[in-house]
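Enquirer: First the structure, then my questions, so here it is.
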Amino acid sequence: MIKAVRGTRDLLPPETALWNFVETQAREVFRAYNFQEIRTPIFEATELFARGVGEETDIVSKEMYTFRTGDDPRWVLATKWLVTRPKYKKIEQLRRPGFGQVFAGLREDDVWEIVIVEIGAGGPKLAALKKMQAERQSLASAAGERPSRYVLVVPSSEAQRVSGLINQDGIEVQGLEMPEGYDPPESLTLRPENTAGVVRAYIEHKLWDRGLNKLYYIGPQFRRERPQKGRYRQFYQIGAEVIGPSSSGSEHPIRDAELLEMLDTLLRRLGIADFTLYINSVGDAQDRAAYNDALRKALQPVVGQMCADCQRRAVTNPLRVFDCKVPEDQPVIATLPVISSYLGEASREHFQNVQALLKEAGVAFEVNPRLVRGLDYYTRTAFEFTHGALGAQNAILGGGRYDGLAELLGSPQPAPGIGFAIGEDRLVMALQARASEATAGLDVYVAPVGEGMNRKALRLAGDLRREGLTVELGDRSFRLKKMFEAATKAGAKYILIVGENEIKADSFSLKNLATGEQVSVPRAELAQRIREQHSR
RNA sequence: GUGGGAAUAGCUCAACUGGCAGAGCACCGGACUGUGGCUCCGACGGUUGCGGGUUCGAUUCCCGUUUCCCACCCCA
């Protein structure tokens, strides 16, 4: 049996009704705050995420669904061919277009290794080139005495760019003229989050010229993580971004406060009361750099007493030490400097203002000096909403300010912004108890009885549906009893009998399935009658 | 990616030290051919996740594998 792939799942009724409920509420709240919907592609150039989210983040370094297009096996697919003299001919036999000219310039004797790489539109992967260099070095030292040349062959259109990147250590870059019809590969990635895509669209379509600076999105995202409760490989996010030139007010603390107040409103409206808003300021890029230095220094003398995870974090990402849950480490953590002491004047004032405005708006919050965000682009305000009873994945929503992101992605002018993303899967999980409320019921079951009644019933059902009712239609071949059972099972409020007597009288037997009350209702009054009763 | 637990009918779960794979609910049919729910009767439903091993015999024991769950890493 073919099953849904790992980490993905089908959403089935009645749960889908709950998803629609959540999305409908979100749209309504967003509209009240003048946000408009944007839909960006589900995949983007890999480079967008590498630059926007950060090359060193876990997301980009190991959790993305990345694939290449444009590869044609007739061209050069190989990333590497190891060439020694006996194998030289073997490669020629591969008859890849254009190989002849590469080898023409080389004498067999002095070729040690030829590496052929294809360079996609996204540019060469630095990591891949570095890895090849390291391999080459170990091969060369293993083979010691042999004279060698190391040749990197790339499509000629990329030759100059690549040699600029790798022109060192005796590596030769040769351009290979690609044949007619060569389609350079692109590296594409299923979006792991939506902020980068929104900012890309903002820049691409010059949305500032259209006064569009409040945007929201709802849709699937993809991360190749190990599945866990509330954590899927295709997951859904509801998010919004306020972005624009500073003159539009996008940098002002009131935007931060407004956004947080909107989220508070949305969660309450969804019936979630048991949540906590944590906020912090992670400062601007300079503040963060200074703080990171200080943190590393402070950790140096004490890290030896901490758990293995913390020792690793101290090197790779010192901020993460604050996430440590080992009880023995907590006293040490308590002595570490907090970022608030390293905030510049501007960041400090901004954060103070956000807090003052939140109080003004009556939004409850807690400052959590240890709250840090994982993505590179966050600056200043960072926040998250947590909810109990969700296990280890207790954050249902997170976000923050990203003042430098637009420039990083090539915006001609600064466009500070702030946004959030709600984990819809987790939000729905938190709402599961209320699932029944969101399920829409069936208004009426139309039951044809007797010869030729199917046609009449079909028309009548169509009329009622056009009047806005939810209608299910039976079939004359069922016995009436069957249809009653079906109507009851489907949760219909009424059953409507369409038989010869009814057609003659143009008045139909309408039975309330809850009360058992049955009356004859003229055709013209049917929809009205059903709706009335139904709204009681 | 790491560690632990689990997988048996559509669902929830049984099956003792290894001995015919079962129940409740759901679904379908009937009792009842223009009146449901309740009741009763009947039928359907399975490669026990998959693959291998041990054994006369494996749902049960062993190995591998896949998926899910819990946690770690990390984090919208």
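Under the numbering used here, the first sequence has 208 at position 197, and the numbering climbs by one with no breaks. Even for Gly, the Cβ is constructed at its ideal location relative to N, Cα and C.
Please classify I13 as buried or exposed, where buried requires at least 16 neighbouring CB atoms within 10 angstroms.
Expert: Burial call: exposed.
Enquirer: Write down every uninterrupted run of the beta strand (DSSP E) in the region 269-338 whose length is 3 residues or greater and which is fully enclosed by it, in chain order.
Expert: Taking only runs of at least 3 residues, the beta strand (DSSP E) segments lying wholly in the region 269-338 are 286-292.
Enquirer: Got a sec, what are the start and stop residues for the beta strand (DSSP E) K225 sits in?
Expert: Where K225 is concerned, the enclosing beta strand (DSSP E) stretches over K225 to F233.
Enquirer: Can you list, in chain order, the residues of its chain with a C-beta nearer than 7 Å to that of I514? Leave out the 5 residues immediately preceding and following it.
Expert: Closer than 7 Å at Cβ, skipping near neighbours: K467.
Enquirer: Sort P231, I429 and Q239 by Cα distance to Y413 and report the nearest one.
Expert: Checking every option, the nearest Cα to that of Y413 belongs to I429.
Enquirer: My output table needs one value for R466: the three-state DSSP class, helix, strand or coil.
Expert: Here R466 sits in helix by DSSP.
Enquirer: Residues bridged to K522 by DSSP?
Expert: DSSP output for K522 lists I506 and Q529 as bridge partner(s).
Enquirer: Can you tell me which of G421, L306 and E26 puts its alpha carbon nearest to the alpha carbon of Q443?
Expert: Per the Cα distances, E26.
Enquirer: Are the CB atoms of V374 and D275 within a distance shorter than 8 Å?
Expert: Yes, these two residues count as a Cβ contact at 8 Å.
Enquirer: DSSP on P342, reduced to helix/strand/coil?
Expert: If DSSP states are grouped into helix, strand and coil, P342 belongs with the helices.
Enquirer: For N31, count the other beta carbons within 10 Å of its own beta carbon; 16 or more makes it buried, fewer makes it exposed. Which is it?
Expert: Exposed, by the Cβ-count rule.
Enquirer: Can at least three beta-carbon pairs, one atom from the region 276-285 and one from the region 378-391, be found at a separation below 8 Å?
Expert: With a cut-off of 8 Å, the region 378-391 and the region 276-285 do not count as touching, because too few Cβ pairs lie within range.
Enquirer: Given that a residue counts as buried once 16 or more other Cβ atoms are within 10 Å of its Cβ, and exposed if not, what is R107?
Expert: Note that R107 has pLDDT 46, beneath the 50 cutoff, so the model's placement of it is unreliable and the number below is only indicative. By the neighbour-count rule (16 or more Cβ atoms within 10 Å), R107 is buried.
Enquirer: According to DSSP, what are the bridge partners of F459?
Expert: Per the sequence presented here, residue 459 reads as Pro, with Phe not at that position. According to DSSP, which records beta bridges pairwise, P459 is partnered with V509.
Enquirer: Sort out for me which residues DSSP pairs Q248 with in a bridge.
Expert: Its beta-bridge partners are G230 and G434.
Enquirer: Between which two residues does the beta strand (DSSP E) holding I13 run?
Expert: Per DSSP, I13 belongs to no beta strand (DSSP E) and is neither H nor E.
Enquirer: Taking the alpha-carbon positions, what's the V457 to T526 distance?
Expert: Each residue's Cα considered, the two are about 18 Å apart.
Enquirer: Taking 8 Å as the cut-off, decide whether the C-beta atoms of V332 and V313 are in contact.
Expert: Their beta carbons are not under 8 Å apart, which means V332 does not touch V313 by this criterion.
Enquirer: Quick check: the Cα distance between R17 and Q232, rounded to an integer number of angstroms?
Expert: Looking at the two C-alpha atoms, the distance is approximately 15 Å.
Enquirer: Can you say whether Q316 is buried or exposed, counting buried as having 16 or more other CB atoms within 10 angstroms of its CB?
Expert: Exposed is the call here.
Enquirer: Would you check if the region 256-269 and the region 230-246 touch, i.e. whether three or more CB-CB distances between them fall below 8 Å?
Expert: Contact fails: fewer than three Cβ-Cβ distances are below 8 Å.
Enquirer: Rounded to whole angstroms, what's the CA-CA distance from R38 to L218? Just pull it up for me.
Expert: Rounded to whole angstroms, R38 to L218 spans 21 Å at the Cα level.
Enquirer: Using a threshold of 8 Å, state whether the C-beta atoms of E252 and A56 are closer than that.
Expert: Result no, Cβ atoms of E252 and A56 do not sit closer than 8 Å.
Enquirer: List the residues that DSSP assigns as beta-bridge partners of S422.
Expert: For S422, which the question treats as bridged, DSSP gives no partner whatsoever.
Enquirer: Let me check understanding here. Comparing Cα to Cα, which of T206, R202, L226 and Y213 lies closest to R234?
Expert: Checked all of T206, R202, L226 and Y213; the closest Cα to R234 is R202.
Enquirer: Restricting to Cα atoms, I'd like to know which of R490, E511 and E395 is closest to F376.
Expert: When each option's Cα is compared against that of F376, the closest is E395.
Enquirer: Between G255 and T481, what straight-line distance do the alpha-carbon atoms span, to the nearest angstrom?
Expert: Computed Cα separation, rounded: 44 Å.
Enquirer: Pull up the distance between the alpha-carbon of D474 and that of L408, whole angstroms please.
Expert: In a straight line, the C-alpha of D474 is about 44 Å away from that of L408.
Enquirer: In three-state DSSP terms, what is S198?
Expert: Here S198 sits in strand by DSSP.
Enquirer: Measuring alpha carbon to alpha carbon, tell me which residue in V40, A212 and K504 is nearest R221.
Expert: If we check each option's Cα against that of R221, A212 comes out closest.
Enquirer: Mind checking whether L199 and L271 have CB atoms under 8 Å apart?
Expert: It is not a contact, given that the beta carbons lie outside the stated cut-off.
Enquirer: Check R17 in the structure and name its three-state DSSP category.
Expert: Residue state, collapsed to three classes: coil.
Enquirer: Could you tell me the alpha carbon to alpha carbon distance between R477 and I249, rounded to whole angstroms?
Expert: Whole-angstrom Cα-Cα distance: 32 Å.
Enquirer: Is it buried or exposed, K98, if we count other Cβ atoms within 10 angstroms and call 16 or more buried?
Expert: Caution is warranted here: a pLDDT of 37 is assigned to K98, below 50, making its placement in the model unreliable, and no coordinate value can be reported.
Enquirer: Where do the N-terminal and C-terminal ends of the alpha helix (DSSP H) with V349 fall, by residue?
Expert: Per DSSP, V349 belongs to no alpha helix (DSSP H) and is neither H nor E.
Enquirer: Go ahead and label N45 buried or exposed: buried means 16 or more other beta carbons lie within 10 angstroms of its beta carbon, across all protein chains shown.
Expert: The residue in question, N45, is exposed, as its Cβ has fewer than 16 Cβ neighbours within 10 Å.
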